[in-house]
Amino acid sequence: MKIGVLGLQGAVREHIKHIEKAGHEGITIKHVEQLDEIDGLVLPGGESTTMRRLMDLYGFTEALRNSSLPMYGTCAGLILLAKEVVGQESHLNKLNVVVERNSFGRQVDSFEQDLNVKGIEEAVNAVFIRAPHIQSAHEGVEVLSKVEDRIVAVRQNQYLGISFHPELTEDYKIMAYFIEEIVKQYQTEQV
197 MKIGVLGLQG
207 AVREHIKHIE
217 KAGHEGITIK
227 HVEQLDEIDG
237 LVLPGGESTT
247 MRRLMDLYGF
257 TEALRNSSLP
267 MYGTCAGLIL
277 LAKEVVGQES
287 HLNKLNVVVE
297 RNSFGRQVDS
307 FEQDLNVKGI
317 EEAVNAVFIR
327 APHIQSAHEG
337 VEVLSKVEDR
347 IVAVRQNQYL
357 GISFHPELTE
367 DYKIMAYFIE
377 EIVKQYQTEQ
387 V
């Protein structure tokens, strides 16, 4: 299976490495035309305002808004997928959630912990860096994980959004979950 990683900013190489560890082909996506070549797309972490501007500039915003391609967003990628973002306009409007940016604090407040994620047997190693959290999940959204009372991972149909950065660890279980449980299921439903 071919999984793309939006290559405008963020931990692109790290996501490609996780795709390959999960036994699939990872492709850096820098042009809208490449979207036709892939089975799923990762929206990596980075700076969400910069990513929004670059997506607008290179035509990805409209293409992805109109696409039903399975998508997986980490940190800033989650912000891009959300239907509502506290204090700013939403972008792709794929996940029926309200997201608050930088809600786990500043860079110095970054932390790492193991999380239980619904649908994954073993704990997932998660790195939180200026991470957002999901204030509320609405109709059609399945909550997959929380840190204390904060929602940090959700799924809605073929869309997966998480607050943290598994790509900054050796733990590729979330990527395997995206490919095996979301992308493959979506493809089966399309037949």
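Mapped onto this note's numbering, the consecutive letters of the sequence shown carry residue numbers 197 to 387.
Glycine included, C-beta positions come from ideal geometry on N, C-alpha and C.
No experiment lies behind these values; they were computed from the predicted model shown.
Give every residue of the same chain whose Cβ lies closer than 7 Å to the Cβ of residue i, excluding the five residues on either side of it in the sequence, and list them in chain order.
i, result
"residue 279", "286, 289, 291, 292 and 293"
"residue 274", "295, 328, 357, 358 and 359"
"residue 187", "In the structure displayed, the chain extends from 197 to 387; residue 187 sits before or after that span and is not available."
"residue 212", "201, 222 and 224"
Alpha helix (DSSP H) containing residue i: first to last residue?
i, result
"residue 253", "244 to 253"
"residue 364", "First-last for residue 364: undefined, no H or E at that position."
"residue 258", "256 to 261"
"residue 385", "380 to 386"
Can residue i and residue j be called in contact, C-beta distance under 8 Å?
i, j, result
"residue 379", "residue 349", "no"
"residue 204", "residue 267", "no"
"residue 236", "residue 272", "no"
"residue 321", "residue 252", "no"
"residue 276", "residue 239", "yes"
"residue 325", "residue 218", "no"
"residue 216", "residue 364", "no"
"residue 347", "residue 361", "no"
"residue 206", "residue 269", "no"
"residue 295", "residue 354", "no"
"residue 281", "residue 297", "yes"
"residue 228", "residue 259", "yes"
"residue 231", "residue 263", "yes"
"residue 340", "residue 256", "no"
Residue i lies in the beta strand (DSSP E); which residues open and close that run?
i, result
"residue 355", "355 to 358"
"residue 338", "338 to 343"
"residue 346", "346 to 352"
"residue 324", "320 to 324"
"residue 202", "198 to 202"
"residue 330", "329 to 333"
"residue 237", "236 to 239"
For residue i, which residues of its own chain have a beta-carbon under 8 Å away from its beta-carbon, when the five flanking residues on both sides are left out?
i, result
"residue 316", "369, 370 and 373"
"residue 233", "198, 200 and 223"
"residue 249", "none"
"residue 221", "197, 198, 199 and 215"
"residue 336", "292, 352 and 353"
Spatial neighbours of residue i within its chain, please: CB distance less than 6 Å, with the 5 preceding and 5 following residues excluded, ordered by chain position.
i, result
"residue 338", "351"
"residue 308", "323"
"residue 382", "266 and 354"
"residue 334", "292"
"residue 226", "203"
"residue 387", "none"
- Query: Which runs of the alpha helix (DSSP H) fall wholly inside the region 264 to 316 and span at least 4 residues, in chain order?
  - Reply: Those alpha helix (DSSP H) runs which fall completely within the region 264 to 316 and span 4+ residues are 272 to 277.
* Return the chain-ordered ranges of every alpha helix (DSSP H) run that is complete within the region 205 to 229 and spans a minimum of 4 residues. => Counting only runs that start and end inside the region 205 to 229, the alpha helix (DSSP H) elements of at least 4 residues fall at 208 to 217.
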